[in-house]
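Inspection log for the structure reproduced underneath, given as structure tokens.
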DNA sequence: GTCATATAGTTCGACTTCGGACAAGATAGT
DNA sequence: ACTATCTTGTCCGAAGTCGAACTATATGAC
């Protein structure tokens, strides 16, 4: 199909992005009301990713994983380091680069944060159809992948 | 079911919010690369909403529609007014309040913005399954509704 | 080895976001 | 009418975001 989209298709796109933006807004707001020490979702997400995937990665790799500009990641990592949740060390394999390592405190912080968020999650879990959410995740991931790929052309 | 969530359920929630946040980020980035005059997604979204729903509403009503704090809406509206895209007038029915009206320029701006964005949408429309996106929108809207409702308890 | 170019990360500055505090106006109880 | 309380919108200040410009290092061409 080489045809352009109809006005209704555009409207659907806008509606989709609008819902996504509002949910992102709401979840951010909920998270930051719970996280201690003025930590942000960005902080939590990076910690979470370092634990779930692995640490020792470079700031740029993390920036790409989260699809944020590297200047934003610099700032996020500075916040995590200031709070003692990560340690940044020079990358022995590349003098331009650094590596991000979790600290014990960072590991604990993530566990504590999940504990503080669990009440909200439990409550939401009772009101939402979790199966539906689980089903949506891969579709969102696919949409994300396509948008990201399209952007980097 | 009065049972709490499993660790895997929490992980799914985080994954869901993470995907949503990244898509929000990417779409914001795409939009703002196209919008003229340093306009933001927030500006576009408000204009779009004023046209699609109706204008003459108050700042607080708009803040609620977008689930942002009223101080944020104040700032967004100030930006739109500075650019001549809306006009704010006192609300004759309530001396504390104001009403937001579209200007001709605001109407044109939205049309122009859609034109500038259409290339990206067309390209995405060829790579994404539009039917799937259309199917997801109501589910996201429902999730949004539940989260919002839960938050206001 | 030298130089041009590419890449990693930071700094800077303009802007957005948003909680807290506030002023002006509305509303309800008496 | 009077006062206490609520509501609407703004201002302020702290923090996050991110493009542009910069420094330092790596890589490739010769």
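Protein chains in written order, with our numbering: chain A, 1 to 153; chain B, 154 to 306. Ideal placement from N, C-alpha and C gives every residue a C-beta, glycine not left out.
Name, in chain order, the residues that DSSP records as bridge partners for residue 99 (chain A).
A:89
So, helix, strand or coil for residue 110 (chain A), using DSSP?
helix
Can you tell me where the alpha helix (DSSP H) holding residue 41 (chain A) begins and where it ends?
41-52
To which residues does DSSP link residue 276 (chain B) through a beta bridge?
Answer is none; residue 276 (chain B) lacks a bridge partner.
Presumed contact (8 Å Cβ cut-off) between residue 215 (chain B) and residue 253 (chain B), rounded CB distance
7 Å
Please list the partners that residue 132 (chain A) has in chain B, where partner means a Cβ-to-Cβ separation under 9 Å.
292, 295 and 296
Note down, in chain order, all residues in the region 47-68 of chain A with a beta-carbon under 7 Å from any beta-carbon belonging to chain B.
48, 66, 67 and 68
By the criterion of Cβ-Cβ separation under 9 Å, what are the contact partners of residue 99 (chain A) in chain B?
In chain order: nothing, as chain B lies at least about 22 Å away.
Is residue 265 (chain B) close to chain A? Criterion is C-beta to C-beta, closer than 8 Å.
no
Is residue 84 (chain A) near residue 105 (chain A), with beta carbons less than 8 Å apart?
yes
State the Cα-Cα distance for the pair residue 246 (chain B) and residue 203 (chain B), rounded to the nearest angstrom.
20 Å
Can you give me the start and stop residues for the alpha helix (DSSP H) that residue 79 (chain A) sits inside?
70-82
Amino acids of chain A, ordered along the chain, whose beta-carbon sits closer than 7 Å to that of residue 157 (chain B)
122
Name the chain A residues whose beta carbon is nearer than 7 Å to that of residue 167 (chain B)?
48
Answer with buried or exposed for residue 212 (chain B), where buried requires no fewer than 16 other C-beta atoms within 10 angstroms of its C-beta.
buried
Taking Cβ-Cβ distances shorter than 8 Å, what residues in chain B pair up with residue 34 (chain A)?
By Cβ distance, chain B contributes nothing, its closest Cβ being about 12 Å from residue 34 (chain A), past 8 Å.
Integer-rounded CB distance, given that residue 90 (chain A) should sit under 8 Å from residue 98 (chain A):
6 Å
The region 112-123 of chain A / the region 287-295 of chain B touching (three or more Cβ pairs under 8 Å)
no
For residue 173 (chain B), count the other beta carbons within 10 Å of its own beta carbon; 16 or more makes it buried, fewer makes it exposed. Which is it?
buried
Does the Cβ-Cβ distance between residue 127 (chain A) and residue 303 (chain B) come in under 8 Å?
yes
Applying the criterion that 16 or more other CB atoms from any shown protein chain within 10 Å of the CB defines a buried residue, is residue 18 (chain A) buried or exposed?
buried
In whole angstroms, give me the CA-to-CA distance for residue 71 (chain A) and residue 255 (chain B).
36 Å
Beta-carbon separation of residue 66 (chain A) and residue 45 (chain A) under 8 Å?
yes
Which residues in the same chain as residue 226 (chain B) place their Cβ atom closer than 6 Å to its Cβ, once the five residues preceding and following it in sequence are excluded?
212, 215 and 216
Members of the region 82-95 of chain A near chain B, C-beta cut-off 9 Å
none
Residues in its own chain within less than 7 Å of residue 195 (chain B) by CB, not counting five upstream and five downstream?
229
Below 9 Å on C-beta distance, what does residue 261 (chain B) contact in chain A?
Neighbours of residue 261 (chain B) on chain A: none; closest Cβ ~17 Å, over 9 Å.
Unbroken alpha helix (DSSP H) run spanning residue 301 (chain B), endpoints
283-304
Quick one: is residue 278 (chain B) near chain A, going by C-beta distance under 8 Å?
yes
So residue 26 (chain A) packs on residue 301 (chain B), CB below 8 Å; how close in whole Å?
6 Å
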